[in-house]
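**Student:** Residue 168 in the working numbering sits at position 168 of the sequence shown, with consecutive numbering throughout. Heads up, the beta-carbon is just placed ideally off N, CA and C, and yes, glycines get one too. Starting off with a structure, shown below.
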Amino acid sequence: MEKKEKLYEGKAKILYATGDPDMVIQYFKDDATAFNAKKKGTVEDKGIMNNAISSKIFEFLQANGVPTHLVKRLSDREMLVKKVEIVKVEVIIRNRAAGSLCRNYGVEEGRTLHHPILEFCYKEDKYNDPLMNDAHITALGIATEKELDKIKAITFKVNDLLKSFFLALNIELIDFKIEFGRYKGDIVLADEISPDTCRLWEVGTGVRLDKDRFRHDLGNIKEGYQEVLKRVTEK
Ligand code: TMP
1 MEKKEKLYEG KAKILYATGD PDMVIQYFKD DATAFNAKKK GTVEDKGIMN
51 NAISSKIFEF LQANGVPTHL VKRLSDREML VKKVEIVKVE VIIRNRAAGS
101 LCRNYGVEEG RTLHHPILEF CYKEDKYNDP LMNDAHITAL GIATEKELDK
151 IKAITFKVND LLKSFFLALN IELIDFKIEF GRYKGDIVLA DEISPDTCRL
201 WEVGTGVRLD KDRFRHDLGN IKEGYQEVLK RVTEK
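Have a look at this one:
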């Protein structure tokens, strides 16, 4: 697939046009940011690892009936994806307390929740991705009620599938963030799913295998991603 002009550059990925107006190339960088890019760095080969991990996960979800933007992995750092219009909402599921839930509500990290929490954040860095509810989303025309219903149903399904996917690798899925896009009138899972966008704790030890190593300077950042990649590809 021919790689044409750059369409968009985000914090961790770049999108390039292709010869097909319905397809784009998603290129994974090594750049890492946290806390709305207040903290910046790079993690050697992160782009390669996240491309491989995300490809595997999207293939697994697709095979289990989740519509996704993935067409195929093209190279170390590139995947071919459907050209979607991103819904400007970050959709988060929390299975156990961590991160901003602890900061915002004074909850201790690791606390068990009575049930998973579904959260929406407005995908807009300049406003610090504020939390929003269903009414904000529909009233501001960010998504229709019908789209939102689909997004919620897919998100809970992704949670169920990914919890068991990771548990089989002796990893607990603590929380994750996903994004959706519109493609030919439908809602599909887009963006990526990787240790950048999930909290992944080893079962038993609680060892962090995700971007929290970068966010909180826990050390051995690359090794965390490598460990997830190893388990995901050996599956
Ligand atoms: P949080 O606890 O910082 O709100 O993050 C919840 C989950 O969402 C966690 O798995 C990390 C992921 N996340 C992203 O992928 N991108 C973001 O910009 C943020 C804030 C969180």
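Does the beta-carbon distance from residue 188 to residue 147 come in below 8 angstroms?
**Tutor:** No.
**Student:** To the nearest angstrom, how far is the alpha carbon of residue 30 from that of residue 144?
**Tutor:** The straight-line gap from Cα to Cα measures roughly 35 angstroms.
**Student:** With which residues is residue 178 paired in a DSSP beta bridge?
**Tutor:** Answer is 91, bridged to residue 178.
**Student:** Just to confirm the assignment, what range does the alpha helix (DSSP H) spanning residue 230 have?
**Tutor:** 221 to 234 is the extent of the alpha helix (DSSP H) around residue 230.
**Student:** Does residue 193 come out as helix, strand or coil in the three-state DSSP assignment?
**Tutor:** In the structure shown, residue 193 sits in coil (DSSP, three-state: anything other than H, G, I, E or B).
**Student:** Who are the near neighbours of residue 129 in its chain, counting only those whose CB is closer than 8 angstroms to its CB and skipping five residues on each side?
**Tutor:** Cβ within range, chain order: 36, 90, 121, 122, 123.
**Student:** How close, in whole Å, do the beta carbons of residue 236 and residue 54 come, if the pair is a contact with beta carbons under 8 angstroms?
**Tutor:** Outside the displayed range of the chain (1 to 235) lies residue 236, so it cannot be described from this structure.
**Student:** If residue 61 sits next to residue 161, beta carbons under 8 angstroms apart, how far is it from one beta carbon to the other, in whole angstroms?
**Tutor:** Contact flag correct, Cβ pair sits at about 6 angstroms.
**Student:** If you run the structure through DSSP and keep just helix, strand and coil, what is residue 142?
**Tutor:** Residue 142: coil per DSSP, three-state reduction.
**Student:** Please tell me whether, using a cut-off of 7 angstroms, the distance from the CB of residue 196 to the nearest non-hydrogen atom of ligand 2 is below it.
**Tutor:** The model depicted lacks ligand 2 and carries ligand 1 instead.
**Student:** Keeping to the same chain, check which residues put their C-beta closer than 7 angstroms to that of residue 218; ignore five residues upstream and five downstream.
**Tutor:** Cβ within range, chain order: 208, 212.
**Student:** Extract the residue ranges of the beta strand (DSSP E) inside the stretch 51 to 113, only unbroken runs of 3 or more that lie entirely within it.
**Tutor:** With a minimum length of 3 residues, the continuous beta strand (DSSP E) runs that stay inside the stretch 51 to 113 are 70 to 73, 78 to 82, 89 to 96.
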